Amino acid sequence: MLLPTFLLAVSSPALATRFMASDRRLVRFGPGPNETALVPALTLDLLHSVRHGHDGEAATLDLEHPLLAGLHPGLLAAVTDTTRRGPGWIDMTEPTLPAINEASPLQLAVQSEELEVERRQTATFPTPNAAKYPQLSNDGFFKSVSATKLSSTVATLSNYTTRYYRNTNARVPATWIQSQFTAAAGSGNVVLVENSFDQPNVIAQIPRKAGSTNDEIVVIGAHLDSINQSSSGGRAPGADDDASGIAVLLQTLQILTENGWAGSRQIEFHAYAGEEGGLLGSSRVASQYKSAGINVRGMLQFDMIAYQINTKPVITILTDTSSGLQTFSNGLITTYIPEATLYTNRCGYACSDHFSWDSRGYASISIDESGPSDRYLNPYYHTSGDTIDRLDFTKASVFVKLALAWALELSE
């Protein structure tokens, strides 16, 4: 299957101006039918600054601030919950949607998330089968896994002063990722998907094999933006958060294309923009896929994978979303990556881009180095200290193995 035509229709930079940010934003801060709110953009900016501040700042939020007048208490609770990682809400305004007002049908349209729970929770996934995939071994694709290449990608991305989605140079790292995806997959298999801000999403595909009529796709994602919690204009290398996830995507794509892999299902690699602003880029893409009726077999997010301070590599499955994908991924890790220590944790609603898919009924999961309450959580993320010298790419290489196993087992 080629890249969907609806994506091609929004891939031109000139079209980005059509999707102007509203002065009011529709945000979802939980899965329930009443956990959405229309919020002035300035209020969201204030909450965003609190959300990405130091843990103690949330408790000192001035509740008498005029921008907080009439704010939904559920949204306020989500923002001040320091046990969550990531934005804590999904900005539902980013996709191409009707103008929002008090009587907008969009308010009703987003109330169906709870109705999608059965669909994503009852989806079934295969039991990992190492005998079927001899490529998933140290004599196969795994021999191409390279800590040096992971480090090189992270070095380039973290060398930008910031990849913050509102920065004047926010587009530059996205176009660099585009060039790397293109070198691996070919220009006909890579597209930019524009947002209302000047940082596009980047999508690469490996088309399904000739003769296959399976219309499902497998999505592996990470976010390309970074943030400095103290200052939106401050240095934000984001080496772990989330240049490390992008590095896994790129190397997985390279290994699969170099070895000529094509499965029965198309495989896509998504580099999302504006994750730190409320899962903006992924929300736009997932909404477009949902509207177009695209069948997604499963979506895997990598968000921070290279801060590895334990003796053995650590892989943490975040258990907030699809139980079927949790079981499947657990099986992949025990089957193909026995050298890793496996943990589970929760990250809280809207902690990363997989929630953009989960909230639209797609089975999704995030697998990372740790959860937000783990003692070995990277203490430098969202600061100028999130630098490449603190990361261990030899241990982080297990995530490339996981991505390869995920891609092969789900694309067949």
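Numbered per mature numbering (1 follows the signal peptide of the UniProt record, and there is no 0), the sequence shown spans residues -16 to -1, 1 to 396. Backbone N, C-alpha and C fix where the C-beta goes; we use that ideal spot for every residue, glycine too. Note that the structure is predicted; figures quoted are calculated from it, not measured.
Looking only at its own chain, which residues have a Cβ that is under 7 Å from the Cβ of residue 399, when we skip the five neighbours before and after it?
Examination of residue 399 is not possible in this model, given that the chain is present from -16 through 396 alone.
Any idea if T77 is buried or exposed, counting beta-carbon neighbours within 10 angstroms, 16 or more meaning buried?
By 1-based counting over the sequence shown, the position of residue 77 is 93. Label assigned to T77: buried.
The segment 319 to 326 in contact with the segment 234 to 252 per 3-pair CB rule at 8 Å
no
From F13 to H338, what distance separates their C-alpha atoms?
Counting from 1 along the sequence shown, the entry for residue 13 is found at position 29. Counting from 1 along the sequence shown, the entry for residue 338 is found at position 354. If I take the Cα positions, the gap works out to 14 Å.
Would you kindly work out how many angstroms separate the C-alpha atoms of I187 and E48, rounded to a whole number?
As a working note, residue 187 is residue 203 in the sequence shown. As a working note, residue 48 is residue 64 in the sequence shown. If you take the alpha carbons of I187 and E48, they lie about 43 Å apart.
At what residues does the beta strand (DSSP E) containing H207 begin and finish?
The residue given as residue 207 occupies position 223 in the sequence shown. It spans E200 to H207 - the beta strand (DSSP E) in which H207 sits, taken as one unbroken run.
What is the residue span of the beta strand (DSSP E) that S210 lies within?
Along the sequence shown, read from residue 1 onward, the residue named residue 210 stands at position 226. Looking at the DSSP string, S210 is not in any beta strand (DSSP E), and its letter there is neither H nor E.
Which residue's Cα is closest to the Cα of D209: D225, L51 and S395?
For the purposes of this step, residue 209 is identified with residue 225 of the sequence shown, where counting begins at 1. Taking only the C-alpha atoms, the option nearest D209 is D225.
Does the distance from the C-beta atom of G222 to that of A206 stay below 8 Å?
By one-based count along the sequence shown, residue 222 stands at place 238. By one-based count along the sequence shown, residue 206 stands at place 222. No, the Cβ-Cβ distance between G222 and A206 is not below 8 Å.
Since F165 is in the alpha helix (DSSP H), which residue starts that stretch and which ends it?
The residue labelled residue 165 in the question sits at position 181 within the sequence shown. Segment R155 to A169, the alpha helix (DSSP H) holding F165.
Considering only DSSP beta bridges, list what S348 is partnered with.
For the purposes of this step, residue 348 is taken as residue 364 along the sequence shown, with counting starting at 1. Answer by DSSP bridge pairing, in chain order: M283.
For N153 versus T367, is the C-beta spacing smaller than 8 Å?
The count along the sequence shown starts at 1 and reaches residue 153 at position 169. The count along the sequence shown starts at 1 and reaches residue 367 at position 383. Going by C-beta atoms, N153 is not nearer than 8 Å to T367.
Pick helix, strand or coil for N113, following the three-state DSSP scheme.
Within the sequence shown, the letter at position 129 stands for residue 113. DSSP places N113 in coil when its eight states are reduced to three.
Taking the beta carbon of I293 as the centre, do at least 16 other beta carbons fall within 10 Å, making it buried, or is it exposed?
Residue 293 sits at position 309 when you count from the first residue of the sequence shown. Exposed, because fewer than 16 other Cβ atoms sit within 10 Å of the Cβ of I293.
Out of T236, C335, P15 and G315, point me to the one whose CA is closest to I391's CA.
Residue numbering aside, residue 391 sits at position 407 when the sequence shown is read from its first letter. Note on residue identity: the sequence assigns Ala, not Ile, to residue 391. When only C-alpha atoms are compared, the closest one is T236.
Identity of the residue in A169, P24, R219 and Q250 nearest G195 by Cα:
Here residue 195 refers to the residue found at position 211 when the sequence shown is read from its first residue. Closest by alpha carbon: Q250.
Beta-carbon proximity check, Y291 vs E200, cutoff 8 Å:
For the purposes of this step, residue 291 is identified with residue 307 of the sequence shown, where counting begins at 1. For the purposes of this step, residue 200 is identified with residue 216 of the sequence shown, where counting begins at 1. Not a contact, by the Cβ cut-off of 8 Å.
I need the DSSP call for I299, collapsed to helix, strand or coil.
Within the sequence shown, numbered from 1, the residue matching residue 299 stands at position 315. In this structure, I299 counts as strand in the three-state DSSP scheme.
Using three-state DSSP, classify R8 as helix, strand or coil.
Position 24 of the sequence shown, counted from the start, is the residue given in the question as residue 8. Looking at R8 - three-state DSSP - the assignment turns out to be strand.
Cross-strand partners of I278 (DSSP beta bridge):
Here residue 278 corresponds to residue number 294 of the sequence shown, with the count starting at 1. I278 pairs with nothing; no bridge assigned.
Select from A53, Q189 and G277 the residue whose C-alpha is nearest the C-alpha of L31.
On the sequence shown, residue 31 is found 47 positions in, with the first residue counted as 1. Ranking the options by Cα distance to L31, first place goes to A53.
Report the partner residues of A255 according to the DSSP bridge assignment.
Translated into the one-based positions of the sequence shown, residue 255 becomes position 271. Note: A255 sits in a beta bridge opposite V186 and A206.
Apply the 10 Å Cβ neighbour rule to A43 and answer buried if 16 or more other Cβ atoms are within range, or exposed otherwise.
On the sequence shown, residue 43 is found 59 positions in, with the first residue counted as 1. With a pLDDT of only 41 at A43, under the threshold of 50, the placement of this residue in the model should not be trusted, and no figure is reported.
Between the alpha carbons of G124 and A114, how many angstroms are there, rounded?
The count along the sequence shown starts at 1 and reaches residue 124 at position 140. The count along the sequence shown starts at 1 and reaches residue 114 at position 130. Their backbone Cα atoms lie some 12 Å apart in a straight line.
Where does R192 land, buried or exposed, given buried means 16+ other C-beta within 10 angstroms?
Counting from one through the sequence shown, the residue named residue 192 turns up at place 208. R192 should be labelled buried.
Please return the same chain residues whose Cβ sits closer than 6 Å to the Cβ of S395, not counting the five positions on each side in sequence.
Residue mapping note: residue 395 aligns to position 411 of the sequence shown, counting from 1. For S395, where only same-chain residues beyond five positions count, the Cβ hits under 6 Å are V202, G247, R249 and I251.
Distance CB(L233)-CB(A255) smaller than 8 Å
Within the sequence shown, numbered from 1, the residue matching residue 233 stands at position 249. Within the sequence shown, numbered from 1, the residue matching residue 255 stands at position 271. Their beta carbons are under 8 Å apart, which means L233 touches A255 by this criterion.
Which residues in the same chain have their Cβ closer than 7 Å to the Cβ of L26, if we skip the five residues on either side of it in sequence?
Along the sequence shown, one-based indexing puts residue 26 at 42. Cβ neighbours of L26 beyond the five flanking positions: L51.
I want to know whether the segment 163 to 175 touches the segment 310 to 322 - three or more CB-CB distances under 8 Å.
no
Using three-state DSSP, classify N329 as helix, strand or coil.
For this step, residue 329 is matched to residue 345 along the sequence shown. Three-state DSSP puts N329 in a strand.
Within 10 angstroms of the Cβ of A387, are there 16 or more other Cβ atoms? Answer buried if so, exposed if not.
On the sequence shown, position 403 is the one that residue 387 refers to. So A387 counts as buried.
Spatial neighbours of S135 within its chain, please: CB distance less than 6 Å, with the 5 preceding and 5 following residues excluded, ordered by chain position.
Taking the sequence shown and counting its residues from 1, the one referred to as residue 135 is at position 151. Excluding sequence neighbours, S135 sits near F377.
Does the Cβ of S121 have 16 or more other Cβ atoms within 10 Å, making it buried, or fewer, making it exposed?
In the sequence shown, the residue the question calls residue 121 occupies position 137. Exposed.
Is it right to say N362 is buried, meaning 16 or more other beta carbons lie within 10 angstroms of its own, or is it exposed?
The residue you call residue 362 lines up with position 378 of the sequence shown. By the 10 Å Cβ count, N362 comes out buried.
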